[in-house]
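Asker: Have a look at the structure that comes next, please.
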Amino acid sequence: MIARDAYGTAILAPLFIIMSLLYGTVIYFLLLKVINYFQDTLMTDEVKDNLRKITIFFLFANLYFLALYHITNLYISKHYDYEVFILTAGGIYTIIFWIGQVLIGLLLPLYLLLNKNSNNESNFMISSLLVVFGSFAAIYVIIISGQAFPLNIFNDYIIVESSFYDNVIHDYTPSLYEIGLGIGGVALSLIIILIAIRNLDFLPSVIQIRKPLVDEKSD
């Protein structure tokens, strides 16, 4: 993998860490909402507010490291062609990057979470779903487009013709087996969570709602 132009940089390490923290936070929030619905429990405003602030921080961090990754790649001469490919001339890969990963997965969630004129909880729900959608786009761009771009085998040489499909941008369509494998992995994770909720008593069954104290005036 390190031979690919898309992966030959150290910036990918902190970028992957920030992406994992961001996606884990929003999925954690969505799972809590589903669990609260079926278990008749409530999430406190303090927990929701803290998760929202953490998500905003991770979104900004993701944008920063994503921009840093592409800017530094533009300064590396052997990665320049890949950056031109993914940012401007990659066809479907460029569309998925700008619309799926950047716009839907990062900018729209940030706008909703920072918008104080609407319901914070609803915005957080929508933003979390957008981030999850953007996560699939980001993984597709990193893994698929990075390998679809031609591998530079001979430095300082141009491959004019090859019977091994060298120097060709490849298309990729997932098979039914790969789609089933992805769905199966998500389903297995959900089954493990449901089994844990069913057998381990770690969710509150009674929620005490604090009500403001009202002074009663006696006649």
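To get my numbering, take the position in the sequence shown, counting from 1, and add 18.
The C-beta atom is built at its ideal place from N, Cα and C for all residues, glycine as well.
Give the straight-line distance between the Cα atoms of T59 and I94, rounded to the nearest whole angstrom.
Answerer: Rounded to the nearest angstrom, the two C-alpha atoms are 53 angstroms apart.
Asker: My output table needs one value for L60: the three-state DSSP class, helix, strand or coil.
Answerer: Coil at L60, not helix or strand.
Asker: With a cut-off of 8 angstroms, do at least 3 Cβ pairs link the segment 34–48 to the segment 75–93?
Answerer: Enough Cβ pairs lie closer than 8 angstroms, so yes.
Asker: What are the boundary residues of the alpha helix (DSSP H) that includes L212?
Answerer: Per DSSP, L212 belongs to the alpha helix (DSSP H) from L194 to N217.
Asker: By the three-class DSSP mapping on this structure, what secondary structure does G42 have?
Answerer: It is helical.
Asker: Which term fits A166, buried or exposed, when burial requires 16 or more other beta carbons within 10 angstroms of its beta carbon?
Answerer: That one is buried.
Asker: Pick out the complete alpha helix (DSSP H) segments inside the segment 84–152, 4 residues or longer, and give them in chain order.
Answerer: Taking only runs of at least 4 residues, the alpha helix (DSSP H) segments lying wholly in the segment 84–152 are 98–102, 110–113 and 126–132.
Asker: Please classify V159: is it buried, with 16 or more other beta-carbons within 10 angstroms of its beta-carbon, or exposed?
Answerer: It is buried - the Cβ of V159 has at least 16 other Cβ atoms within 10 Å.
Asker: Short of 8 angstroms in beta carbon distance, which residues of its chain neighbour T90, apart from the five on each side in sequence? Order them along the chain.
Answerer: Within the same chain, T90 has close Cβ partners T27 and I29.
Asker: Spatial neighbours of E101 within its chain, please: CB distance less than 7 angstroms, with the 5 preceding and 5 following residues excluded, ordered by chain position.
Answerer: Result list for E101: H88, N91 and L92, in chain order.
Asker: Nearest CA to the CA of Y129: which residue from L194, A107, S193 and R70?
Answerer: The shortest C-alpha separation from Y129 is found at R70.
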